[in-house]
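Protein chains in written order, with this note's numbering: chain A, 1 to 274; chain B, 275 to 935.
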């Protein structure tokens, strides 16, 4: 792919973010659970450094799509290329090793542990010392822990959650828990960050905060972000490109403006006689 | 006419440097390795020694000079308490410039006024939020040429040419310093004690904000006086968390710290202050009454949830503390039994409590800015925290009166501070003179002339008097103080504050100027009285209903009676006891113009609006019908009407001999 093609295809992003090559390419993906077709023949790609949104009404297959990317579901048909290489077999932990991190719609944190410890769990894959060294708190383990703690503190600072550093996650309001969940994913220093409805159940102010964090992540770390979201307004404001799913099929793909004016999308969201 | 000065000294011992930059360089030489500042970043307290601070200030100053900052230029400083913002203030002073402090939570439009008024060309701001405001208002303040930001986060896509990072500026400054190593020292040498060191804007409750110009000499004198008064050393630790644009923070965190050479600690963020306070354990502390009140409320709420044994122990020892704690702190004689109980209480309750509050190490704590409730004040003193009051305003470097150790009175602000002369005008207005007075209001010779009289006294606008021990008592704003029919002084605000210290009373407005006796409107505190009513099983449908219940009237009458009893002990005030009161049918509200946005009552407006009620109280009617228009938050209006009861309160004979009229 040459540069001109890349620039024309990727359109200009709202913040003028640089966009790189295709990092993840999904071709003709179909996923079935028994007789139920969750996804049918879906193709789209994700470029480096962009904010890519997957939207659609309830049951459109958004979360299934995310789980395919993440390696939780294995599509019966279709091919996935990660950095130009075809994925053969995929498990979630392999996705993590490849630098794909995610947050969850209904928050997956250890409720009884502090915010710091929860974010520290995101560093797990980066820890090199073995169990024996860690148990004995030997020199290398200690040094490693300090290095990881520094990284965690940077994330705490970034997400502005200094005041709850030592609070058990279970005691926090929902909006802050979501932020901690994001922190845990960030701690992996991912190349691709999958966000499953990061704004669900939030009030306007919390949504604004979350938008700012998502844009800052993209800006500051250059992380590629794939996000699923219900809230059309939010998505249109912060994404570079949007894929629209409905009943497991792709009905639209393009910049927010293109998608907004797509008749199929309008029908799917506003309803029509189909 | 009554004139008092500090007992301790006359004529200041002018030892040491006479400008802040010279003080800074002095510390960099005298105690280079001692901590000057700490800031919590990434979860760890980062320390800057005096030598490091001096080096950084030098780099900023040279950087500013390189950008074209000239002697006498103004530098706006906006942001939370960050070391680099304090350094910018110092750097500006090194170059003979005038730092102009601005409130970080002001909206962009409020900042325009200051930028235009002070003709600001340079600004150092904390972060993206402040940069956005500056960029927004730049077209209205076109003389603004350079905006320098401390925190580069989120600044990557800003292309405006007036922006520059502080790191970049410092780098530029270091090069400048290497090329011209004598430049800054010669600039510092040019500074004089009489130069303006800082401009602080008054809050502007009356008219437009005014820029108060203070000199190096003024703030150094104020700092030196307080240091000598409380025997502060270079070992003190303070937490700097109050707005930098407030005179109190400038006095404590900048002037005193720079003169005494002690350490200031900047919290991680506004939300972590309580935590950071605990980690630092300051030895010297300053907070408005609101902060002390919040802390106490938190403690009380947590005690309510504690087990019954703990609660009993807590309440028992708090009773002990109330009985003898303050006396022990003041070094007054206390019986052996009480001493033992207090010692035990310290072990079990006060010590751990102080530790949780982050106040274990406090030697001296001050509160100012508003009246502090006697119960609140007594609480902190009784558990062994040396909390004191001070009095001052922006124009006097917040330095007029201080309470001396061992002579603490709940309702006075203490004695004139060292070097300060306090005089009372015939109408009771407090006039002050001393080295800490403002040089001028910026570009407002008319206002300057108005506020300083021919003899050089600054007119504070506050009314007060000296008690038998020479302590100054502040009563009210001088323009609010009136006389009753028999000539007794009537200070509405003073009485209202006393009423408002009761938790069941939210607002009070008193009337009595030119009358035989005083009366009051009361607003009950819906939350506090509502809780009380619920516990008693009383039913009510809302504020208006609850306010008119006879049990609530009794509750309020008790409070008013206590205030009357208190007023009776004061020969100046006993004539202004409240004889009748009523509880208003609606809460006083800023939307209806009854309060200012900072929740101060607008006396004249209320007197006009509720004229019938006032008349009814003075005529001695039992009830009065009133209908009022109210404005809802969405802009619609409605009407509230009620038959208000008016009740009588017991008044007390003056005690301790009324002053012969």
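All C-beta atoms, glycine included, are put in the ideal place defined by N, C-alpha and C.
Nearest in C-alpha terms to residue 759 of chain B, of all of B:771, B:894, B:850 and B:767, is B:850. Along the stretch 639–671 of chain B, the beta strand (DSSP E) occurs as fully enclosed runs of 3 or more residues at 661–665, listed in sequence order.
With fewer than 16 other beta carbons inside 10 angstroms of its own, residue 464 of chain B counts as exposed.
For the alpha helix (DSSP H) assignment, the uninterrupted runs of no fewer than 4 residues enclosed by the stretch 153–209 of chain A are, from N- to C-terminal side, 174–186. Note that the C-beta distance between residue 853 of chain B and residue 922 of chain B is below 9 Å. Within chain B, no residue has its beta carbon less than 8 Å from that of residue 191 of chain A; the closest one is some 20 Å off.
Per DSSP, residue 548 of chain B lies in no beta strand (DSSP E); the unbroken alpha helix (DSSP H) holding it starts and ends at 547–554.
Annotation: residue 343 of chain B is outside any beta strand (DSSP E) and is labelled neither H nor E by DSSP.
Residue-level contact by beta carbon fails for residue 514 of chain B and chain A, as no gap is shorter than 9 Å. Looking at the DSSP output, residue 736 of chain B shares a beta bridge with B:751. Among the CB atoms of chain B, one or more fall inside 9 Å of the CB of residue 165 of chain A.
Contact between the stretch 86–98 of chain A and the stretch 44–63 of chain A is absent: fewer than 3 CB-CB pairs across the two stretches fall below 8 Å.
For residue 156 of chain A, the chain B residues whose C-beta falls within less than 9 Å of its own C-beta are 316 and 317, listed in chain order. Counting the other CB atoms within 10 Å of its CB gives residue 841 of chain B a total of 16 or more, which places it among the buried residues. Rounded to the nearest whole angstrom, the CA to CA distance from residue 231 of chain A to residue 73 of chain A is 25 Å. Sorting A:154, A:57 and A:70 by C-alpha distance to the C-alpha of residue 24 of chain A places A:70 at the top. Per DSSP, the beta bridge partners of residue 511 of chain B are B:537. In the same chain as residue 557 of chain B, and ignoring 5 residues on each side of it, the C-beta atoms closer than 7 Å to its own belong to 510, 511, 635, 636 and 637, in chain order. DSSP places residue 906 of chain B outside both helix and strand once states are collapsed to three, so it counts as coil.
Residue 735 of chain B and residue 726 of chain B have their C-alpha atoms some 11 Å from each other. Positions of the beta strand (DSSP E) runs, each at least 3 residues long and wholly inside the stretch 310–387 of chain B, are given as 318–323, 348–352 and 372–376 in order along the chain.
Proximity of residue 162 of chain A to chain B, defined by a Cβ-Cβ separation below 9 Å, is satisfied.
Only those residues of the stretch 200–229 of chain A whose C-beta falls short of 7 Å from the nearest C-beta of chain B are listed: 216 and 219. For residue 82 of chain A, no alpha helix (DSSP H) encloses it; the enclosing beta strand (DSSP E) starts and ends at 77–82. Under the rule that a run must span 3 or more residues, the beta strand (DSSP E) segments found entirely inside the stretch 399–462 of chain B read 420–423 and 437–439. Any Cβ of chain A closer than 9 Å to the Cβ of residue 542 of chain B would place that residue at the interface, and such an atom is present. Proximity of residue 428 of chain B to chain A, defined by a Cβ-Cβ separation below 9 Å, is satisfied. Within the stretch 143–154 of chain A, the residues whose Cβ lies closer than 9 Å to some Cβ of chain B are 149, 150, 152, 153 and 154, listed in chain order.
In terms of beta-carbon proximity, residue 835 of chain B stays away from the interface with chain A, with every pair separated by 9 Å or more.
Here the alpha carbons of residue 61 of chain A and residue 247 of chain A stand approximately 7 Å from one another. The beta-carbon of residue 300 of chain B is placed no less than 9 Å from the nearest beta-carbon of chain A. Using a CB distance below 8 Å, no part of the stretch 385–414 of chain B faces chain A.
Judged by DSSP secondary structure, residue 593 of chain B falls within the alpha helix (DSSP H) whose first and last residues are 582–604. Pairing residue 487 of chain B with residue 712 of chain B gives a Cβ-Cβ distance under 9 Å. Boundaries of the alpha helix (DSSP H) around residue 833 of chain B: 824–842.
In the displayed model, residue 675 of chain B falls within a strand according to three-state DSSP.
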